[in-house]
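Step one of this worksheet: look at the structure below.
There are 2 protein chains.
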Amino acid sequence: MSETFPTKPEVARPTMIDVARRAGVGLGTVSRVVNGGHGVRDETAQRVRAAIDELGFQRNEVARALRPGKKSTSLALVLGDLTNPFYASIAKASLEIAGQSGFAVVLGSVDEDPEGEKRAIQELVSRQVAGLMIVPDQGDHAFLEGAGVPVVFVDRPATGIEADIVMVDNEGGGRIAAEHLLSQGHERIAIILAPSYYTIGRRLRGFRRAHRAAGVEVDESLVIQLPEGNAEAAEKATREVMLRPDPPTAIFASTNFLVEGVLRALGELDQDPAVVGFDDFRLADMLPTPVTVVASDIAELGRRAARLLLDRASGADTRPPQRIVLPCALIERGSGERPPDSAANRNPR
Amino acid sequence: MSETFPTKPEVARPTMIDVARRAGVGLGTVSRVVNGGHGVRDETAQRVRAAIDELGFQRNEVARALRPGKKSTSLALVLGDLTNPFYASIAKASLEIAGQSGFAVVLGSVDEDPEGEKRAIQELVSRQVAGLMIVPDQGDHAFLEGAGVPVVFVDRPATGIEADIVMVDNEGGGRIAAEHLLSQGHERIAIILAPSYYTIGRRLRGFRRAHRAAGVEVDESLVIQLPEGNAEAAEKATREVMLRPDPPTAIFASTNFLVEGVLRALGELDQDPAVVGFDDFRLADMLPTPVTVVASDIAELGRRAARLLLDRASGADTRPPQRIVLPCALIERGSGERPPDSAANRNPR
DNA sequence: CTCCTGGACGGTAACGTTTCCAACGTTTTA
DNA sequence: TAAAACGTTGGAAACGTTACCGTCCAGGAG
Numbered sequence: 001m002s003e004t005f006p007t008k009p010e011v012a013r014p015t016m017i018d019v020a021r022r023a024g025v026g027l028g029t030v031s032r033v034v035n036g037g038h039g040v041r042d043e044t045a046q047r048v049r050a051a052i053d054e055l056g057f058q059r060n061e062v063a064r065a066l067r068p069g070k071k072s073t074s075l076a077l078v079l080g081d082l083t084n085p086f087y088a089s090i091a092k093a094s095l096e097i098a099g100q101s102g103f104a105v106v107l108g109s110v111d112e113d114p115e116g117e118k119r120a121i122q123e124l125v126s127r128q129v130a131g132l133m134i135v136p137d138q139g140d141h142a143f144l145e146g147a148g149v150p151v152v153f154v155d156r157p158a159t160g161i162e163a164d165i166v167m168v169d170n171e172g173g174g175r176i177a178a179e180h181l182l183s184q185g186h187e188r189i190a191i192i193l194a195p196s197y198y199t200i201g202r203r204l205r206g207f208r209r210a211h212r213a214a215g216v217e218v219d220e221s222l223v224i225q226l227p228e229g230n231a232e233a234a235e236k237a238t239r240e241v242m243l244r245p246d247p248p249t250a251i252f253a254s255t256n257f258l259v260e261g262v263l264r265a266l267g268e269l270d271q272d273p274a275v276v277g278f279d280d281f282r283l284a285d286m287l288p289t290p291v292t293v294v295a296s297d298i299a300e301l302g303r304r305a306a307r308l309l310l311d312r313a314s315g316a317d318t319r320p321p322q323r324i325v326l327p328c329a330l331i332e333r334g335s336g337e338r339p340p341d342s343a344a345n346r347n348p349r
Numbered sequence: 001m002s003e004t005f006p007t008k009p010e011v012a013r014p015t016m017i018d019v020a021r022r023a024g025v026g027l028g029t030v031s032r033v034v035n036g037g038h039g040v041r042d043e044t045a046q047r048v049r050a051a052i053d054e055l056g057f058q059r060n061e062v063a064r065a066l067r068p069g070k071k072s073t074s075l076a077l078v079l080g081d082l083t084n085p086f087y088a089s090i091a092k093a094s095l096e097i098a099g100q101s102g103f104a105v106v107l108g109s110v111d112e113d114p115e116g117e118k119r120a121i122q123e124l125v126s127r128q129v130a131g132l133m134i135v136p137d138q139g140d141h142a143f144l145e146g147a148g149v150p151v152v153f154v155d156r157p158a159t160g161i162e163a164d165i166v167m168v169d170n171e172g173g174g175r176i177a178a179e180h181l182l183s184q185g186h187e188r189i190a191i192i193l194a195p196s197y198y199t200i201g202r203r204l205r206g207f208r209r210a211h212r213a214a215g216v217e218v219d220e221s222l223v224i225q226l227p228e229g230n231a232e233a234a235e236k237a238t239r240e241v242m243l244r245p246d247p248p249t250a251i252f253a254s255t256n257f258l259v260e261g262v263l264r265a266l267g268e269l270d271q272d273p274a275v276v277g278f279d280d281f282r283l284a285d286m287l288p289t290p291v292t293v294v295a296s297d298i299a300e301l302g303r304r305a306a307r308l309l310l311d312r313a314s315g316a317d318t319r320p321p322q323r324i325v326l327p328c329a330l331i332e333r334g335s336g337e338r339p340p341d342s343a344a345n346r347n348p349r
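Same order as they appear, the protein sequences are chains A and B.
All residue numbers for the first sequence refer to UniProt numbering, where the first residue is 1 and numbers rise by one.
All residue numbers for the second sequence refer to UniProt numbering, where the first residue is 1 and numbers rise by one.
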């Protein structure tokens, strides 16, 4: 009873040749009509368009992209964990902008090693994408130099290649956070740092500058470098630092995920130092103590990157590599406005 | 002074022909080596591989996909707002699975009308993707029937076409939520419904079934249909229902975003009905009252969908359309365990 | 009236790959 | 020893589109 399975009708999709035959015109004419229709008599164009509608013709983008010079109408976006709202916002925004210009976005996700990133990028390049948006990992990106594809880096620059970069004012953000805490009299501020990404270094620099400007010395034992950038690591570090004989009166968490860990530890310990986070996050205002953060317009980051890349890809923009920096602003919600002495107010057991 | 701009080195990427010349073999041989190298003498294959390395050759995926039958090595994923962690999880998981098989994922986002969805899908099809994963909007998807591309629907089925579908047990989830509240003596349970997606209807059905099984009648005035699926709408609706003379003692929010609105309203009103949400969300356990939710493995949803689609695309799976349903489970955190009389405990002003 | 110009259109060569077929040399079989 | 079978290889066609180059016809200029 091994009758052949009725697999699929598998209707062959009509090509330009079919359209040409149907409309009684040449192949070139159909192509001209599809691409704006210059140099075609109005009446002819009508006939072609009618044939297109009747057959339900749709241009084969793959064949189109095969022609030399014609890159595909796709942009590539390479980033880390989409589950991180930060990355998700970038993805969404760039998708939106690309879509408006008829571009699709091919995603490459890389949670892994820098080697995995390189592989993912080359995969994408072999798909003839018109441009690359990359939230780069550490590691050298010089291999992109000869790829013949415009590249825009997002959130942080890459080494080994000079290209456009769209980022936020990390140093300014770090400065604002520290200034805010310092201005309230905090002098022992811990800063919790995710693994040494470029961004984190800048935030730390801003943090230090604010201290210098305020004439307060940074206690280096309160500059805490985490081995990993997740909430668990931050929770552990917070617990440790708060149990020291001389704990900080304020904590600056350099990442949205880190804030979560910090708050978790503080909740357990019943201690209430001031807390400021970097990057806003959903529900930040609904936590037991609403969380003060330094925020920036992440979606705008994605939009600017996509727009810039589209301009580069079309050749409309031939300026030297740009460096776009978006501002950060403080959002006061409560956790960052606790005075220094409140840390001593440990709730009685 | 109009010297020509040093636009780009624009190194022509080597093709198989270049490799063939370099290795002193024919074009076909190179192709055979690149595709697994069957039917090529080992020594010849070595030479070809050496040439590939020296030239840094990489196969042009676009040209490859042009051949008839050979779809591209890309899957398309069409979904709503990536900013919603639910969608983001699906995207991340499917990306991961696709990547393991060397497939890229092209994203199509559709916040707009059903018409926008159709356009996005057709765009994607014109890119010769090997398969489509769609989180469908309302509207007829019959137009996909003749597209000649395998389709897997995610989270909810679509009308007008019979295709694979991977979803969670919405009815079971709704039932579990209601059972949990009913078992604690709640008899007036409000259910807040996002606009009539398929999923929400199922959750409501489970909600009703649990009531019937418990012998409790559903007060239809507590079945609240929102005009929009966002937190604001839920906040408004919650405020209204809680201010009625006979407010509910429990609320079931049918969506993660709705929970936010519900809690916001309750916070303002200083009222404490039991609350259960559908779908888990970050920080749910850190809110003033940790939120009890009915959760399922969303990432698994994406993984299963991607795997199924890959099997369909490769022709490895020719079974009739599958229907995969993932279970839901209750996560008790506190908000759903408040007894009925606690609602009366309005905090004194 | 002839020549020229220019717009509209048809035909065809690419693009880089895969696949098929033919050709070749070697080994096995009759 | 001849024929057949097999494995390895080269060459060419095809995929669907765009770009270029002619051809054709109409109309204006000389």
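Idealized CB from N, CA, C, for every residue including glycine.
A quick note: this is a predicted structure, and the numbers were derived from the prediction, not measured.
query: Met167 (chain A) in three-state terms, based on DSSP; result: strand
query: Integer Cβ distance of Leu308 (chain A) from Val166 (chain A), believed to fall under 8 Å; result: 7 Å
query: Distance CB(Val313 (chain B))-CB(Gly160 (chain B)) smaller than 9 Å; result: Looking at the sequence itself, residue 313 (chain B) is Ala, so the reference to Val does not match. Not closer than 9 Å, so no.
query: Neighbour list for Met286 (chain B) in chain A, Cβ cutoff strictly below 9 Å; result: Glu260, Leu263, Arg264, Gly267, Leu283, Leu287 and Pro288
query: Length of the line joining the Cα atoms of Leu330 (chain A) and Asp270 (chain A); result: 26 Å
query: Residue-level contact to chain A via CB, Glu96 (chain B), 9 Å cutoff; result: yes
query: In DSSP terms, what Asp140 (chain B) is bridged to; result: B:Thr159
query: CB contact below 9 Å: Gly173 (chain A) versus chain B; result: no
query: Cβ-Cβ distance between Ser94 (chain B) and Gly315 (chain B) below 9 Å; result: no
query: Neighbour flag for Asp137 (chain B) against chain A, beta carbons, 9 Å; result: no
query: Runs of beta strand (DSSP E) wholly within the stretch 98-128 of chain A (minimum 3 residues, chain order); result: 104-109
query: Nearest neighbour of Ala147 (chain A), chosen from B:Tyr197, B:Ala12, B:Cys328 and B:Asp18 [CA to CA]; result: B:Ala12
query: Which residues DSSP lists as bridging Ser74 (chain A), in chain order; result: A:Ala104
query: Rounded straight-line distance, which links the Cα of Leu243 (chain B) to that of Ala234 (chain B); result: 14 Å
query: is_contact[Lys92 (chain A), chain B] using C-beta, thresh 9 Å; result: yes
query: CB-CB length for Leu204 (chain A) against Ala250 (chain A), believed under 8 Å; result: Between Ala250 (chain A) and Leu204 (chain A) the Cβ distance is about 15 Å, and since that is not below 8 Å, they are no contact.
query: CB contact flag (Leu82 (chain B), Ala274 (chain A), <9 Å); result: no
query: Interface partners of Pro85 (chain B) on chain A, CB under 9 Å; result: Thr83, Pro85, Ala88 and Arg282
query: CB contact check: Leu107 (chain B) to chain A, cutoff 9 Å; result: yes
query: Residues that DSSP places opposite Thr292 (chain A) in a beta bridge; result: A:Val276
query: Contact between the stretch 33-43 of chain A and the stretch 256-267 of chain A (3+ Cβ pairs under 8 Å); result: no
query: Interface residues of chain A facing Val62 (chain B) [CB-CB closer than 8 Å]; result: Val62, Ala65, Leu66, Ser72, Arg127 and Gln128
query: Within-9 Å CB hit, His123 (chain B) to chain A; result: Before going further, note that residue 123 (chain B) is Glu rather than His in the sequence given. Taking Cβ atoms only, chain A reaches closer than 9 Å to Glu123 (chain B), which makes this a yes.
query: Under 7 Å from the C-beta of Gln58 (chain B): neighbouring residues of chain A; result: Gln122 and Ser126
query: Per-residue contacts from Arg13 (chain A) into chain B (C-beta, under 7 Å); result: Gly148
query: Host beta strand (DSSP E) of Phe153 (chain A) (start-end); result: Val151 to Val154
query: Beta carbon proximity, Ala23 (chain B) to chain A, threshold 9 Å; result: no
query: Val19 (chain B) at chain A interface by Cβ criterion, 9 Å; result: no
query: Any C-beta of chain A under 9 Å from that of Gly99 (chain B); result: yes
query: Minimum Cβ-Cβ distance from Gly102 (chain A) to chain B less than 9 Å; result: yes
query: Cβ neighbour criterion (16 or more within 10 Å) applied to Lys70 (chain B); result: exposed
query: Inter-residue spacing [alpha-carbon to alpha-carbon] between Pro14 (chain B) and Leu55 (chain B); result: 7 Å
query: Within 9 Å, strictly: CB atoms of Phe278 (chain A) and Val262 (chain A); result: no
query: Reference Glu218 (chain B); option with closest CA among B:Met286, B:Arg208, B:Val125 and B:Arg119; result: At residue 218 (chain B) the sequence reads Val, which differs from the Glu that was named. Comparing Cα-Cα distances from Val218 (chain B) to each of B:Met286, B:Arg208, B:Val125 and B:Arg119, the minimum goes to B:Arg208.
query: Helix, strand or coil at Val325 (chain A) according to DSSP, with G and I counted as helix; result: strand
query: The stretch 136-150 of chain A contacting the stretch 105-121 of chain A, beta-carbon criterion three pairs below 8 Å; result: yes
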